[in-house]
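Numbering (the numbering used here), first residue to last: 222 to 338.
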């Protein structure tokens, strides 16, 4: 896992590194720039890894697909074809598939926005 020291007061960030590297950057920055004082809201942030970024990208893609499906459903609801589709044998499998996409989107959202680490 990579960590970055950020000082919002100076608007600077350290290079990516380990937790120890970020702590050393913070110590040096405080000593040199702030003469040993503690700046407001400086922090060490965890840089998201590849898997978390990939899950976030998949979540955005799923959200885009769900938005497109919602638009199609709203458009179809205004047509006579919608009523015949609801009466057809394809209605139940389509609803199940959309439900599965929704559950998957919720799971990806939960993984990418988790505060547990």
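Yeah, the Cβ is synthetic: ideal placement off N, Cα and C, and Gly gets one too.
Residue of the options minimising C-alpha distance to residue i
| i | options | result |
| --- | --- | --- |
| residue 230 | 237, 238, 264 and 295 | 264 |
| residue 270 | 321, 223 and 318 | 223 |
| residue 320 | 262, 290 and 250 | 290 |
| residue 251 | 241, 226 and 275 | 226 |
| residue 327 | 301, 247, 284 and 268 | 284 |
C-alpha distance - residue i paired with residue j, whole-angstrom precision
| i | j | result |
| --- | --- | --- |
| residue 330 | residue 286 | 14 angstroms |
| residue 247 | residue 325 | 40 angstroms |
| residue 273 | residue 267 | 12 angstroms |
| residue 260 | residue 228 | 7 angstroms |
| residue 236 | residue 262 | 18 angstroms |
Contact with chain D by residue i, beta-carbon distance below 8 angstroms
| i | result |
| --- | --- |
| residue 315 | Included in the structure is just one protein chain, with no chain D present. |
Three-state class that DSSP yields for residue i in the structure shown
| i | result |
| --- | --- |
| residue 320 | helix |
| residue 170 | As shown, the chain starts at 222 and ends at 338. That puts residue 170 outside it, with no answer to give. |
| residue 224 | strand |
Enclosing beta strand (DSSP E) for residue i [first to last residue]
| i | result |
| --- | --- |
| residue 288 | Counting along the chain, residue 288 falls outside any beta strand (DSSP E), though it belongs to the alpha helix (DSSP H) covering 271–298. |
| residue 242 | Looking at the DSSP string, residue 242 is not in any beta strand (DSSP E); the run it does join, the alpha helix (DSSP H), is 240–253. |
Is it the case that the region 277–292 contacts the region 250–258, given that we only count it when at least three CB pairs across the two stretches are under 8 angstroms? Segments in contact, no.
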